[in-house]
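Novice: For reference, the structure I am asking about is given below.
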Amino acid sequence: MLEQVVLFTILMGFLISVLLSPIFIPFLRRLKFGQSIRDEGPKSHQKKSGTPTMGGVMIMLSIIITTIVMTNKFSKPGIETFLLLFVTIGYGLLGFLDDMIKVVLKRNLGLTSKQKLIGQIIVAVIFYFVLNQFEFSTEIRLPGTELSFDLGWLYPVLILFMLVGGSNAVNLTDGLDGLLSGCAAIAFGAFAVLAWNNSQYDIAIFSVAVVGSVLGFLVFNAHPAKVFMGDTGSLALGGAIVAVAILTKLEILLIVIGGVFVIETLSVIIQVISFKMTGKRVFKMSPLHHHYELNGWSEWKVVVTFWAMGLLFAILGIIIEVWL
Numbered sequence: 001m002l003e004q005v006v007l008f009t010i011l012m013g014f015l016i017s018v019l020l021s022p023i024f025i026p027f028l029r030r031l032k033f034g035q036s037i038r039d040e041g042p043k044s045h046q047k048k049s050g051t052p053t054m055g056g057v058m059i060m061l062s063i064i065i066t067t068i069v070m071t072n073k074f075s076k077p078g079i080e081t082f083l084l085l086f087v088t089i090g091y092g093l094l095g096f097l098d099d100m101i102k103v104v105l106k107r108n109l110g111l112t113s114k115q116k117l118i119g120q121i122i123v124a125v126i127f128y129f130v131l132n133q134f135e136f137s138t139e140i141r142l143p144g145t146e147l148s149f150d151l152g153w154l155y156p157v158l159i160l161f162m163l164v165g166g167s168n169a170v171n172l173t174d175g176l177d178g179l180l181s182g183c184a185a186i187a188f189g190a191f192a193v194l195a196w197n198n199s200q201y202d203i204a205i206f207s208v209a210v211v212g213s214v215l216g217f218l219v220f221n222a223h224p225a226k227v228f229m230g231d232t233g234s235l236a237l238g239g240a241i242v243a244v245a246i247l248t249k250l251e252i253l254l255i256v257i258g259g260v261f262v263i264e265t266l267s268v269i270i271q272v273i274s275f276k277m278t279g280k281r282v283f284k285m286s287p288l289h290h291h292y293e294l295n296g297w298s299e300w301k302v303v304v305t306f307w308a309m310g311l312l313f314a315i316l317g318i319i320i321e322v323w324l
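Below, the structure written as structure tokens:
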């Protein structure tokens, strides 16, 4: 039964993404929804200007349809399914608005930082409010142990920090063809294994639906990319993976399984702090994937290396939770 659920869910998510792409990509081209490349980015990226963006809409549609169909077929949809779809759609719509401003108004930075932050906080607050109605535990557990700590009133603060910080961390990773698609598939795959191991079948089905959807998108997003997911996809995936970690009570383990996202974010923080304090940059460019590009690595080499890192982090996370 397990093998059938996983196989059918991945196939459905994959096929929906693959079938939507040949329809959606030309549509985006006709609307001239092409990516604007920032001048301060790597010069090699200028040739990507005009590549259709907002492909995250395809990912979101695939995730939503696959999750609803497969959850109804193999399980009984519960509050977890509702919350996961709510966060995915909420952050996805925020990213969609950001992308629309970029491509329609030709404003490269999209929403202002304040506007984006307010939107992220609103979704996070609603998520916690609904969660709190079901007396969700405010304890967090140290992975691989039975040690747990009750955060009490600090738990909603943690949720807010995780959703805002996590969605932005995943967003930062979306900088090279196929980079985020592959890393997301690996991370969600790990959480699917852990959710199923904990008998949280709704969450497992959702996670596997994401895996299939992003792998289908990767067919057209791999180098050279025919479409970018934009903030529509990256913010949706970022919010979704944090929500999965919270609902599986694996909040701390997200740091391990999402290790690539953590490293990318730390590289930006280190770069900013170093430049402000010393006037010098630690990396040639941040996030970290651009540093390796400017060191002469091909885009594909950087992407595959980061995928490999993501796989190692995912395996380590599973080992810590299941076998330690």
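What the sequence shown shows, in the UniProt record's numbering, is residues 1 to 324, in sequence order.
Cβ coordinates follow ideal geometry from the N, Cα and C atoms, glycine included.
How would you label Thr-173, buried or exposed, when you count the other beta carbons within 10 angstroms and need 16 or more for buried?
Specialist: Buried: at least 16 other Cβ atoms inside 10 Å.
Novice: Please report the straight-line C-alpha distance between Val-125 and Gly-310, rounded to a whole angstrom.
Specialist: Approximately 29 Å between the Cα atoms of the pair.
Novice: Shortest alpha-carbon distance to Met-54 belongs to which of Gly-279, Val-304, Leu-235?
Specialist: The option with the nearest alpha carbon to Met-54 is Leu-235.
Novice: Inspect the CB distances between the stretch 62 to 71 and the stretch 5 to 14 and report whether three or more fall short of 8 Å.
Specialist: Flag = yes, the stretch 62 to 71 and the stretch 5 to 14 touch.
Novice: Report back the beta-carbon spacing between Ala-184 and Leu-237 to the nearest angstrom; my notes put them in contact at under 8 Å.
Specialist: Their Cβ separation, rounded to whole angstroms, is 5 Å, which keeps Ala-184 and Leu-237 in contact under 8 Å.
Novice: Would you say the stretch 135 to 152 touches the stretch 109 to 119, given that touching needs at least three Cβ pairs under 8 Å?
Specialist: Cβ pair count under 8 Å is below three, so no.
Novice: Tell me whether Ser-274 sits in a helix, a strand or coil according to DSSP, three-state version.
Specialist: The answer is helix: DSSP assigns Ser-274 an H, G or I state.
Novice: Drop a sphere of 10 angstroms on the beta-carbon of Gln-46, count the other beta-carbons inside from all chains shown, and report buried for 16 or more, exposed for fewer.
Specialist: Summary for Gln-46: the model assigns pLDDT 48, below 50, so the residue's position carries little reliability, and this model does not support an answer.
Novice: Please classify Asn-132 as buried or exposed, where buried requires at least 16 neighbouring CB atoms within 10 angstroms.
Specialist: Burial call: exposed.
Novice: For Ala-222, collect the residues of the same chain with a Cβ closer than 7 Å to its Cβ; drop the 5 residues on either side in sequence, then sort them by chain order.
Specialist: Cβ within range, chain order: Asp-177, Gly-178.
Novice: What's the gap between the Cα of Gly-279 and the Cα of Met-285?
Specialist: Whole-angstrom Cα-Cα distance: 14 Å.
Novice: Would you report the Cα separation of Gly-230 and Ile-319, rounded to the nearest angstrom?
Specialist: Rounded to whole angstroms, Gly-230 to Ile-319 spans 33 Å at the Cα level.
Novice: Should the stretch 155 to 174 be called in touch with the stretch 245 to 255, which here means at least 3 C-beta pairs below 8 Å?
Specialist: Counting Cβ pairs under 8 Å, three or more are found: they touch.
Novice: Which residues mark the beginning and the end of the alpha helix (DSSP H) in which Ser-298 is found?
Specialist: Premise fails: Ser-298 is in no alpha helix (DSSP H) and is neither H nor E.
Novice: I need the DSSP call for Arg-30, collapsed to helix, strand or coil.
Specialist: If DSSP states are grouped into helix, strand and coil, Arg-30 belongs with the helices.
Novice: If you drop the 5 nearest sequence neighbours on each side, which residues of the same chain put their C-beta closer than 6 Å to that of Val-5?
Specialist: Cβ within range, chain order: Phe-74.
Novice: Go through the stretch 104 to 179 residue by residue and report every complete run of the alpha helix (DSSP H) that reaches 4 residues or more, in order.
Specialist: Taking only runs of at least 4 residues, the alpha helix (DSSP H) segments lying wholly in the stretch 104 to 179 are 113 to 132, 154 to 173.
Novice: Does the stretch 68 to 83 come within contact of the stretch 210 to 222, defined as at least 3 CB pairs closer than 8 Å?
Specialist: With the cut-off at 8 Å, the stretch 68 to 83 and the stretch 210 to 222 do not touch.
Novice: With Phe-228 and Val-210 assumed to form a contact (beta carbons below 8 Å), what rounded beta-carbon distance in angstroms separates them?
Specialist: Actually they do not touch by this definition, with Cβ atoms about 18 Å apart.
Novice: Nearest to Val-57 by alpha carbon, out of Leu-20, Ile-252, Gly-259, Ser-298?
Specialist: When each option's Cα is compared against that of Val-57, the closest is Leu-20.
Novice: Taking the alpha-carbon positions, what's the Tyr-128 to Lys-276 distance?
Specialist: Each residue's alpha carbon lies about 35 Å from the other.
Novice: I need the DSSP call for Gln-4, collapsed to helix, strand or coil.
Specialist: Looking at Gln-4 - three-state DSSP - the assignment turns out to be helix.
Novice: Secondary structure at Val-227, three-state DSSP: helix, strand or coil?
Specialist: Reduced to three states, the DSSP call for Val-227 is coil.
Novice: Can you grab the Cα-Cα spacing for the pair Leu-97 / Lys-114, in whole Å?
Specialist: Their Cα atoms are separated by approximately 14 Å.
Novice: What does the alpha-carbon distance come out to for the pair Gln-200 and Ser-274?
Specialist: If I take the Cα positions, the gap works out to 43 Å.
Novice: So, under 8 Å CB-CB, Gly-239 and Thr-88 are touching, yes? Tell me the CB distance rounded to an integer number of Å.
Specialist: At roughly 6 Å, the Cβ-Cβ gap stays under 8 Å, so Gly-239 and Thr-88 are in contact.
Novice: Looking at Gln-120 and Ser-167, is the spacing between their C-beta atoms short of 8 Å?
Specialist: Against a cut-off of 8 Å, the Cβ pair of Gln-120 and Ser-167 comes out as a contact.
Novice: Does DSSP classify Gln-46 as helix, strand or coil?
Specialist: Here the model assigns Gln-46 a pLDDT of 48, short of 50, so the residue's position is not dependable and the matter cannot be decided.
Novice: I'd like to check one pair, His-289 with Val-302: are the Cβ atoms closer than 8 Å?
Specialist: Yes. Within cutoff.
Novice: What is the residue span of the alpha helix (DSSP H) that Ala-222 lies within?
Specialist: Taken as a continuous stretch (DSSP letters only), Ala-222 belongs to no alpha helix (DSSP H), as it is neither H nor E.
Novice: Return the CA-CA distance between Pro-287 and Leu-266, expressed in angstroms with no decimal places.
Specialist: Approximately 8 Å, taken between the alpha carbons.
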